[in-house]
Structure formats: C-alpha cells, structure tokens
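Engineer:
Protein chains in written order, with the numbering used here: chain A, 2 to 489; chain B, 38 to 269; chain C, 8 to 161; chain D, 12 to 99.
Set out below in structure tokens:
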C-alpha cells in the first residue's frame with residue numbers, strides 16, 4: 002500500500018513516533034513502555050532488513066519529502082552504504098539496550114530517539130537536515146551519558162555537551178558559508194556546484210568547520226577530549242553504543258561530504274592530518290591508560306583516526322578500507338567495552354581474571370587479536386587493505402601514513418597483549434581476583450565474538466561486496482544522477 | 038593575578054581567528070549571495086503550498102523534516118533534563134508562594150497569553166509568527182501561574198498528553214500521505230484561497246501540532262529547571 | 008557605484024563585524040573563564056553570532072520581507088531559506104541550553120562547585136584512581152568497600 | 012536603517028562584552044538578554060520578522076528565564092537563602 006520509495010522514511014519516523022508516545026505508556030506501567038521500545042527496535046531492524054533487499058543489488062532509493070522536487074525540498078537517499086550503517090545502528094542498539102535500572106522509561110525514550118535520529122543522519126541528503134539529525138543524536142547521547150546517575154556522569158555529560166554544542170555552532174557556520182557561496186543545501190546539487198563555487202580557501206574553511214562540528218561524535222582529533230571522560234563515567238551499554246555506533250554514523254556523514262562536495266586535495270590532506278593525529282595520540286594515550294575503560298576509549302580514538310586516514314585516500318579502495326575499519330570496529334569495540342565495564346579498576350589488578358571467568362577472558366583475547374590485526378582474524382584483512390592502499394597511493398605522504406599505522410599497531414599489540422597476559426596470571430600479592438562475570442551480562446560480547454569468528458570464513462565474499470559498495474559510494478556522479486536526473 | 042597568561046594567549050588566538058573569519062566573510066559579498074534555492078522557493082511557494090508566509094511554507098512543507106527534527110530535539114532535551122533532575126534535591130529558594138500582585142497578575146495574564154499564543158500559532162502560515170513563536174508564548178502562559186503558586190505544579194498528566202499527542206499528530210499528518218503512495222509530509226487538502234485562515238492545506242494543522250508541542254516542552258523544561266516538577 | 012550599493016556594503020560590514028564580534032567574545036568566554044554558567048553564556052554568544060551571519064547571508068538590498076501580504080508577490084524578497092534555518096537553529100539552541108542548565112544544577116548538586124577545572128579534577132578522582140577515592144554515588148553517599156569497585160557499571 | 016543597525020550592533024557588542032567580563036553572573040545573564048534584544052532588532056532590520064519574533068520570545072525571554080531560574084537554584088541569585096551572592 003505504501004509506495005516503495007517512500008518507505009525509507011520509516012526507520013526515521015517509527016522510533017520518533019514511539020518515543021513521543023512512550024512517556025504516556027510509561028505512565029500506565031513501566032514494563033509495557035520498555036517492551037514497546039524494544040519491539041520498535043526489532044521493527045526497525047525488520048524495516049532495515051527489508052530495505053537491504055531493495056538496495057542490496059546496487060539499486061538506490063530516493064524519496065523527495067513532501068513531494069517537493071530537490072533541490073527545493075529535502076531528499077532521503079538510501080544506497081548500500083546508508084543501509085549497511087542503518088543495520089549497524091539497529092543491531093548495535095538492540096544488543097546494548099540500556100538496562101532497566103539506569104534512567105527508567107526516560108532512557109528507553111532517549112534510546113528510541115537516538116535510533117530515529119541516527120537513521121535520519123545516514124539517510125538524509127540535505128546538509129542542514131543532516132545538522133538537525135546530528136543534533137538529535139547529540140542531545141540524546143548527552144542524556145544517555147548522564148543516565149548512570151553517578152556524579153562523574155553529570156560532569157562528563159556537561160563537559161561533553163559544551164564541547165559538542167560549540168562544535169555544532171561551528172558546523173552551522175560552515176553550513177552558512179556553504180549556502181552563502183553555493184546557494185543550495187542539497188548534497189547532490191552542491192556536488193554539481195562545488196567545483197565552481199566551493200573551491201579554494203572557502204571550500205576548505207567550510208570543510209574544516211563541518212569536520213570540527215561533526216567530528217565531535219566521530220572522535221576526531223582535536224575535538225575528542227570528551228571521549229575518555231564520558232566512556233568511563235557513562236553506563237557500559239551507553240559507552241558501547243556511543244563508541245560502536247554513533248561515532249561511525251558521523252564518519253559516514255564526513256565521507257559523504259568529502260566525496261560529494263569537498264573532493265579536492267586540500268580537504269583530503271586535512272582529514273589525513275586529523276586522522277593521523279588521532280591515531281598517534283590515541284595509541285600513545287591508550288598505552289599509558291590506567292584501566293581497561295580508558296584503554297579502549299583511547300584505542301577507539303585511534304581506530305576512528307584510521308577510518309579518517311582511509312577515507313582521505315582519493316581512491317575507491319581507500320573508501321572500502323575505511324568502511325571495513327569502521328564496521329570491524331563497530332563489531333569489536335562494544336564487546337570489549339562490556340568487559341571493561343565489568344572489570345573496572347587498575348589494569349594491574351586483572352590478575353586471575355581468566356580463572357574467574359574463562360569465556361570473558363577468551364573473548365577478550367579473540368577480539369583483541371582481531372583489533373591488532375593478527376591473521377586469520379577479519380581485523381587482519383581490514384588492516385591489510387588499509388596498508389595496501391596507503392602504500393600504493395600516488396602521494397608519498399600516504400606511505401608515511403602507512404608507516405605510522407604500522408608503528409601504532411605495534412603499540413596497540415603491546416598494551417593489549419599486556420592486559421591479556423595479566424588475565425592468565427595469578428592475582429598479584431594479596432589482591433583478590435576480579436569479580437566473576439555473569440553470563441547474561443557477557444552475552445552481547447559473546448554474540449559479537451561469534452560474528453567475528455563467522456566473518457573469518459567469509460572474507461572474500463565480504464571483500465567483494467565491500468568493493469562494490471565503495472565503488473558506488475565513491476562515484477559522485479551516481480549520487481547526483483539518482484537525486485537530480487538530468488543534471489549530469 | 039591568576040590566569041592572565043591564559044587570557045592573553047586566548048586573545049591573541051582569537052584576534053587571528055577573527056582576521057581569518059573577516060577574510061572569509063569578505064569573500065561572500067553582502068547582499069549578493071547566489072541563494073538560488075531560496076529565491077526559487079520564494080517564487081513557487083505560494084502557488085505550491087498556499088501559504089503567504091514563505092518562511093512558514095519552507096518550515097512546514099519544503100523542509101518539514103527539519104521541523105519534525107526540531108520539535109524532536111526539544112523533546113529529547115526535555116526528556117534528558119527530566120532524567121538528569123529527577124534525583125535532584127529541590128532548589129534552594131523554593132516553596133514560598135508569590136506575593137498577591139504576582140498571583141493576580143498571573144490570573145489576568147494567563148488567558149491573555151493563551152489567546153495571544155494561539156492566535157500567533159494559527160496565523161503562522163499568513164503573517165510573521167507561527168508554531169515556535171506562538172509556542173514560546175504558550176509556554177509562558179502555562180509557566181507563569183506556576184511561578185505565582187509553586188504549591189500547585191503543572192498538571193503533569195495533561196502536559197504529558199499534549200506533549201505526546203501533538204508530536205504523534207505531526208508524524209501522523211505526515212504519514213497520512215504515505216498511504217496515498219506519496220512521500221512523507223506531502224501537504225493534504227489542496228492549497229485553498231491564499232490569505233484566508235483556512236488555507237494552505239494541512240500546514241496550519243502541522244503548525245498547531247508544532248505550537249502545542251513546543252509550548253508543552255518549553256513549559257516542562259522551565260518547570261524542571263525551576264525545580265517545581267521533576268516528574269520523577 | 009550607486010549610493011544604494013555603498014549603503015548596502017556599509018550595512019554588510021556592520022553586520023559581519025557584529026557577527027564576528029559575538030563569535031569571538033563567545034569563544035573567549037568558553038575558553039578563559041572557568042565558571043560553568045559563564046561558559047554556557049559564551050556558547051549562547053557564539054550561537055547568536057552564527058545566527059546573525061546566516062540571516063545576513065540571505066539579505067538582499069531593496070527587497071521585501073518574505074511574507075506576501077495580499078496574497079501575491081510585489082517584488083523581490085530577501086532569501087527566506089536562511090530565515091527558516093535560523094528559526095530552527097534558535098529553537099534547537101534553547102533545547103540544548105535547557106539541558107545544559109539542568110546539568111549545571113545537577114553538577115552543583117553532586118560536586119558542590121561550578122568551577123569547570125575543579126569538576127574535572129573531582130571526576131578524575133572518582134573514576135580514575137579508584138584505589139585512592141572510593142566511588143560515592145549521589146543518594147547512596149557512603150564510601151563503598153574496595154571489593155565492590157570491581158563490580159560493573161554495565 | 013543603517014543607523015539603526017549600527018546602534019544595535021554597538022549595543023549588542025557592548026552587552027556581549029558585559030556578558031564576558033562583568034563580575035556578577037546575574038548581571039551577565041541580564042546582559043545576555045540585552046544581546047538577544049539587540050539581535051532581534053537586527054533581524055527586523057534584515058527583513059526577517061519571523062526570526063526577530065522568535066529571537067525576542069525565545070532568546071531574550073525564555074533563555075533569560077531559564078538562566079535566572081538556574082542561578083536561583085544553584086544559589087547564585089542574590090537573596091537566595093543559602094546563596095553566596097552571584098559572585099563566581
């Protein structure tokens with residue numbers, strides 16, 4: 002009954018509708034509200050799976066909202082990239098739905114809003130509309146960051162809000178520059194006009210402002226100072242969602258902007274420098290971090306730096322590598338954060354952990370091996386793809402970047418092996434071993450570990466799908482042709 | 038004196054930044070920006086939507102999804118603020134009912150603000166104003182009695198129903214078009230006679246939903262920050 | 008150059024200067040003072056400056072406001088699109104402001120200070136070196152034994 | 012018109028300076044409301060009546076009220092019971 006193309010609005014509005022009504026349901030009783038939230042989460046996943054059947058073969062869906070033809074109206078655009086990250090969002094949120102004791106019905110509401118806002122973020126094809134959805138995601142994550150009810154959570158959420166809101170103001174300034182120079186906000190329209198109107202310093206300044214704004218959630222250097230604070234103070238599941246999913250959505254936005262509007266060497270170099278700075282600063286800080294939570298927070302910064310480096314390589318395979326790093330990180334890191342959230346406290350006190358809870362320690366080792374990039378784990382192929390691209394790129398600066406990434410991998414291996422080795426040692430001195438891990442709490446990690454193991458067997462089909470996706474994403478002409486037929 | 042070094046460094050940095058911004062802005066000659074989408078919209082907005090206020094036409098029709106996002110942000114902020122403050126102690130200067138004058142004034146102001154807010158909301162597609170400005174006034178209308186008499190907090194159930202139903206109504210009006218095979222937020226009911234109150238199709242309905250949503254969210258936010266009604 | 012053009016240019020200079028001034032003063036207030044309320048005020052100034060710039064971008068000399076009284080266009084109008092964007096941005100801004108203030112209230116509640124550096128230090132003490140500083144949660148208040156600190160917060 | 016714009020910008024920048032540098036927070040909040048009012052005049056000058064209305068109602072009105080309520084609640088409003096005045 003509903004026209005095919007227009008259904009792509011559903012992942013956005015279904016969660017929003019449910020979120021608006023959730024407090025009313027919660028007024029009756031707590032559990033129906035909670036149930037409703039998760040049912041809508043499952044429904045969202047079903048819609049996304051259905052959308053995948055529509056775009057999986059390389060088709061795209063474009064819906065001009067309100068029936069107003071672009072560029073006057075807002076368009077939603079779904080291709081394989083958007084739907085892939087919708088899937089990551091949907092699965093991530095379902096796996097890490099906030100626990101009942103943190104924030105009650107309000108946390109369920111915020112999670113639904115994050116789901117709807119995040120869906121809009123990856124689907125929207127309009128610069129200002131992306132900004133609006135980014136703000137929904139941002140405000141929902143401030144709330145969730147504070148949902149633990151602990152003192153550090155409030156402080157961390159406030160400092161996070163102030164940095165992020167400043168970033169958003171800068172992004173809006175960037176949007177103002179773009180509109181002032183080009184006279185349009187539609188991404189496809191901008192893609193056509195950018196070479197003429199957004200080249201040179203104006204384009205670079207606008208890109209810098211937009212990256213500083215959207216980079217806050219993407220944990221990009223230098224607007225990532227909130228990361229260690231929030232990831233240690235927020236409830237574990239919120240940390241898993243923020244680090245695993247939300248950061249990737251912002252990266253997708255930055256990728257779209259780079260490919261469609263700012264495809265020039267200046268912008269690419271800028272992203273490369275920011276990414277490398279993130280890799281270096283992140284890995285060094287992770288090496289010195291006192292506890293697992295901070296270790297993974299800083300390692301997360303480094304991993305997103307890798308994504309930025311990959312996206313900055315002006316080549317479809319660079320994009321493929323970036324998407325691979327992003328998805329791999331989205332699967333691995335939340336699982337590790339679950340472990341870090343249970344075994345808090347100094348790393349030196351991890352001794353004996355393997356005896357207390359063998360599944361958790363084994364999952365820790367497997368996921369760590371994949372992050373470092375040891376064959377035959379998927380992480381190895383991901384890093385191989387990225388390094389191959391870096392060393393093959395025409396510009397010699399990428400070879401340097403590749404060398405930095407290799408060195409960073411050594412540092413990464415050092416601190417992860419150290420923690421893993423400690424788990425198998427007996428407790429030091431008269432320290433007691435860490436707390437036992439209830440299996441129910443570990444479940445999301447086990448699911449994700451299983452996913453990584455399964456992916457080991459499917460590396461070559463996954464790689465092919467990835468290359469096809471990247472070729473589609475990297476070609477601005479495809480996007481423009483789909484949104485504005487006749488303009489090319 | 039403490040902190041002078043920091044202030045000096047910041048000042049130097051900001052002067053540099055200001056110079057850069059000035060150079061950037063100078064590259065956009067004032068009054069001559071291309072603005073092709075805006076101007077194109079200005080030409081077709083009236084025939085396509087029937088709204089004489091083009092800004093409203095953009096907010097509700099061309100960029101309706103932005104507006105949905107915007108009321109959603111207010112909702113997110115209100116939800117999060119409620120969560121943050123739900124465990125907080127009450128404020129420090131609470132409880133004392135206000136003086137006689139404020140109470141009487143609030144009694145007089147309430148109907149006046151309510152009428153003014155409603156007027157601004159429903160005429161939003163015709164004249165300056167609309168769901169946001171009118172909603173802000175509605176919020177003030179609901180908040181002032183509360184300020185005058187802290188002992189009788191906002192009727193939270195009513196506020197919550199308005200909050201939920203108005204947001205859902207916006208989405209429902211937008212989604213109605215989906216069942217006709219059209220895109221989300223396609224205006225319904227034709228354009229009518231421009232300039233009349235009942236014109237511009239479903240836009241006034243959307244603005245009414247926006248106004249109620251904005252009003253209830255803002256009133257709730259103020260009540261929570263004031264410490265009167267952290268609905269725990 | 009006609010007088011009208013010169014006048015428009017002067018108006019542009021005045022407005023751009025005002026917008027840049029607001030942005031810079033706001034940034035200063037966010038960076039130098041340490042009181043959280045002052046930092047929030049700085050954020051408001053930055054947002055206001057950006058909003059002013061965005062509306063100024065859409066200005067066109069000798070054009071009318073984008074409201075067609077009488078139901079038809081009389082002549083050129085200023086660009087309505089930036090106005091719609093700024094309207095949205097203003098409302099987003101007030102939502103973010105309200106949440107920021109709610110957090111300010113709560114931070115004062117649990118940390119007893121609104122000095123951003125002191126808050127950061129207390130947070131580091133709470134979450135970082137948990138051997139030295141037992142976690143105190145609001146409401147529960149009392150220090151928890153070291154055994155419990157290894158329990159999760161998941 | 013340009014005179015009005017010039018005066019408004021001067022008032023706005025003056026008030027913004029006060030927001031940043033004045034000692035009391037209550038005065039800073041009042042100054043922020045003045046910034047919003049001047050801004051709303053500028054929006055009117057720029058032929059943006061919708062934005063001017065919103066800025067006056069939301070920027071000067073609601074934001075000011077929210078800030079004042081916050082100051083009262085954290086004890087920075089002169090006269091609040093356990094307040095230590097509005098000094099930082």
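In this text, a Cβ means the ideal position worked out from N, Cα and C, and glycines have one as well.
Could you tell me whether the Cβ atoms of residue 93(A) and residue 335(A) are closer together than 8 Å?
Structural biologist: For the purposes of this step, residue 93(A) is identified with residue 92 of the first chain, where counting begins at 1. For the purposes of this step, residue 335(A) is identified with residue 334 of the first chain, where counting begins at 1. Between residue 93(A) and residue 335(A), the gap from beta carbon to beta carbon is short of 8 Å.
Engineer: Could you check where the beta strand (DSSP E) with residue 22(A) kicks off and where it finishes?
Structural biologist: Taking the first residue of the first chain as position 1, residue 22(A) is located at position 21. Not the beta strand (DSSP E): residue 22(A) falls in the alpha helix (DSSP H), residues 11 to 29.
Engineer: Which class does residue 139(C) belong to by DSSP, given the choice of helix, strand or coil?
Structural biologist: As a working mapping, residue 139(C) is identified with position 132 in the third chain. Bear in mind that a pLDDT of 35 at residue 139(C), under 50, signals an unreliable position, so the number given afterwards is only what the model happens to contain. Residue state, collapsed to three classes: coil.
Engineer: Could you list which residues in chain B have their beta carbon closer than 8 Å to that of residue 72(D), in chain order?
Structural biologist: What you label residue 72(D) is simply residue 61 of the fourth chain in a count that begins at 1. Within 8 Å Cβ-Cβ: 173 and 177.
Engineer: Can you check which of these residues, 59(B), 53(B) and 51(B), is closest to residue 178(A) by C-alpha distance?
Structural biologist: Start at 1 with the first residue of the first chain, and residue 178(A) comes out as number 177. Here the closest residue by C-alpha is 59(B).
Engineer: Does the distance from the C-beta atom of residue 318(A) to that of residue 471(A) stay below 8 Å?
Structural biologist: Within the first chain, residue 318(A) is the residue found at index 317, counting from 1. Within the first chain, residue 471(A) is the residue found at index 470, counting from 1. Against a cut-off of 8 Å, the Cβ pair of residue 471(A) and residue 318(A) comes out as a contact.
Engineer: Check the Cβ of residue 250(C) against every Cβ in chain D and list those closer than 9 Å, keeping chain order.
Structural biologist: Since the first and last residues shown for chain C are 8 and 161, residue 250(C) lies out of range.
Engineer: When the Cα of residue 357(A) is compared with those of 66(A), 440(A) and 102(A), which residue comes out closest?
Structural biologist: The sequence position of residue 357(A) within the first chain is 356, counting from 1. Here the closest residue by C-alpha is 440(A).
Engineer: Can you pull the chain C residues whose beta carbon is under 7 Å from the beta carbon of residue 66(D), in chain order?
Structural biologist: Taking the first residue of the fourth chain as position 1, residue 66(D) is located at position 55. Those within 7 Å of residue 66(D) in chain C are 97.
Engineer: Return the residues of the segment 90 to 120 of chain C that lie within a Cβ-Cβ distance of less than 7 Å from chain A, sorted by chain order.
Structural biologist: Residues 92, 95, 96, 99, 102, 103, 106, 107, 110, 111, 113, 114, 117 and 118.
Engineer: Nearest CA to the CA of residue 72(A): which residue from 104(B), 112(B) and 77(B)?
Structural biologist: Taking the first residue of the first chain as position 1, residue 72(A) is located at position 71. Checking every option, the nearest Cα to that of residue 72(A) belongs to 77(B).
Engineer: Would you list, in chain order, the members of the segment 118 to 141 of chain A that have their beta-carbon closer than 7 Å to a beta-carbon of chain C?
Structural biologist: 129, 133, 136 and 140
Engineer: Rank 242(A), 384(A), 195(A) and 49(A) by C-alpha distance to the C-alpha of residue 219(A) and give the top, closest one.
Structural biologist: Translated into the one-based positions of the first chain, residue 219(A) becomes position 218. Out of 242(A), 384(A), 195(A) and 49(A), the CA that lies nearest to the CA of residue 219(A) is found in 242(A).
Engineer: Starting from the C-beta of residue 56(D), find all residues in its chain whose C-beta is less than 8 Å away, skip the five residues before and the five after it, and write them out in chain order.
Structural biologist: One-based indexing of the fourth chain puts residue 56(D) at position 45. Taken in chain order, the residues that qualify are 12, 15, 16 and 19.
Engineer: Count the other CB atoms, across all protein chains shown, that sit within 10 Å of the CB of residue 36(C); report buried if there are 16 or more and exposed otherwise.
Structural biologist: For the purposes of this step, residue 36(C) is taken as the residue at position 29 of the third chain. The residue in question, residue 36(C), is buried, as its Cβ has 16 or more Cβ neighbours within 10 Å.
Engineer: Cutting at 8 Å between CB atoms, please list the residues of its own chain near residue 83(B), excluding the five before and the five after it.
Structural biologist: Reading the second chain from its first residue, position 46 is the one you call residue 83(B). Cβ within range, chain order: 89, 91, 94 and 231.
Engineer: I need the DSSP call for residue 159(C), collapsed to helix, strand or coil.
Structural biologist: Taking the third chain and counting its residues from 1, one reaches residue 159(C) at position 152. Any reading at residue 159(C) must be qualified, since the residue scores a pLDDT of 40, below 50, and its modelled position is unreliable; no value is offered.
Engineer: If we cut at 8 Å on Cβ distances, does residue 27(C) have a partner in chain D?
Structural biologist: By one-based count along the third chain, residue 27(C) stands at place 20. Closer than 8 Å: no.
Engineer: How would you write the range of the beta strand (DSSP E) that residue 39(C) sits in, first residue to last?
Structural biologist: Walking along the third chain from the start, residue 39(C) turns up at place 32. Looking at the DSSP string, residue 39(C) is not in any beta strand (DSSP E), and its letter there is neither H nor E.
Engineer: Figure out for me which residue from 368(A), 337(A) and 209(A) has the closest Cα to the Cα of residue 244(A).
Structural biologist: Translated into positions along the first chain, residue 244(A) becomes position 243. Considering only alpha carbons, the answer is 337(A).
Engineer: At the 8 Å Cβ level, is residue 101(B) part of the contact set with chain A, yes or no?
Structural biologist: Taking the second chain and counting its residues from 1, one reaches residue 101(B) at position 64. Yes, its Cβ sits closer than 8 Å to a Cβ of chain A.
Engineer: Buried or exposed, going by whether 16 or more other CB atoms sit within 10 Å of the CB of residue 144(B)?
Structural biologist: As a position in the second chain, residue 144(B) is number 107, starting the count at 1. Under this definition residue 144(B) is an exposed residue.
Engineer: Could you work out which residue in 118(B), 155(B) and 152(B) is closest to residue 155(A) when comparing CA atoms only?
Structural biologist: The count along the first chain starts at 1 and reaches residue 155(A) at position 154. Closest option to residue 155(A), judged by alpha-carbon separation, among 118(B), 155(B) and 152(B): 118(B).
Engineer: Under the three-state reduction of DSSP, which class applies to residue 103(B): helix, strand or coil?
Structural biologist: Walking along the second chain from the start, residue 103(B) turns up at place 66. Helix at residue 103(B).
Engineer: Only counting runs of 3 or more residues, tell me where the beta strand (DSSP E) segments fall wholly within the segment 34 to 95 of chain D, in order along the chain.
Structural biologist: none
Engineer: Would you check if there are 3 or more beta carbon pairs closer than 8 Å linking the segment 36 to 51 of chain A to the segment 209 to 218 of chain B?
Structural biologist: no
Engineer: Taking the alpha-carbon positions, what's the residue 65(B) to residue 192(A) distance?
Structural biologist: Residue mapping note: residue 65(B) aligns to position 28 of the second chain, counting from 1. Residue mapping note: residue 192(A) aligns to position 191 of the first chain, counting from 1. If I take the Cα positions, the gap works out to 19 Å.
Engineer: Closest to residue 23(A) by CA distance: which of 196(A), 344(A), 107(A) and 293(A) is it?
Structural biologist: Looking up residue 23(A) in the first chain gives position 22. Taking residue 23(A) as reference, the option from 196(A), 344(A), 107(A) and 293(A) with the minimal CA-CA separation is 107(A).
Engineer: Roughly how many angstroms separate the alpha carbons of residue 31(D) and residue 248(A), rounded to a whole number?
Structural biologist: Numbered from 1 along the fourth chain, position 20 holds the residue referred to as residue 31(D). Numbered from 1 along the first chain, position 247 holds the residue referred to as residue 248(A). About 33 Å.
Engineer: Check for me: the alpha helix (DSSP H) holding residue 99(C) runs from which residue to which?
Structural biologist: Taking the third chain and counting its residues from 1, the one referred to as residue 99(C) is at position 92. Here the alpha helix (DSSP H) through residue 99(C) covers 87 to 118.
Engineer: Mind checking residue 51(A): buried by the 16 CB within 10 Å criterion, or exposed?
Structural biologist: Locating residue 51(A) in the first chain gives position 50, where the first residue counts as 1. Label assigned to residue 51(A): exposed.
Engineer: Can residue 409(A) and residue 281(A) be called in contact, C-beta distance under 8 Å?
Structural biologist: One-based indexing of the first chain puts residue 409(A) at position 408. One-based indexing of the first chain puts residue 281(A) at position 280. Their beta carbons are under 8 Å apart, which means residue 409(A) touches residue 281(A) by this criterion.
Engineer: Rounded to a whole number of angstroms, what is the C-alpha to C-alpha distance between residue 139(C) and residue 132(C)?
Structural biologist: If you number the third chain from 1, residue 139(C) lands on position 132. If you number the third chain from 1, residue 132(C) lands on position 125. Interpretation of residue 139(C) is limited by its pLDDT of 35, a score under 50 that renders its predicted location unreliable; the figure taken from the coordinates is listed afterwards. C-alpha separation (whole angstroms): 8 Å.
Engineer: Taking C-alpha atoms, which residue in 112(C), 101(C) and 83(C) lies nearest to residue 122(B)?
Structural biologist: Residue numbering aside, residue 122(B) sits at position 85 when the second chain is read from its first letter. Per the Cα distances, 112(C).
Engineer: Looking only at its own chain, which residues have a Cβ that is under 8 Å from the Cβ of residue 104(D), when we skip the five neighbours before and after it?
Structural biologist: In the structure as shown, chain D begins at 12 and stops at 99. Residue 104(D) is therefore absent and cannot be evaluated.
Engineer: Under 8 Å between C-beta atoms, does residue 76(B) make it to chain D?
Structural biologist: The residue you call residue 76(B) lines up with position 39 of the second chain. It does not: the Cβ of residue 76(B) has no partner Cβ on chain D nearer than 8 Å.
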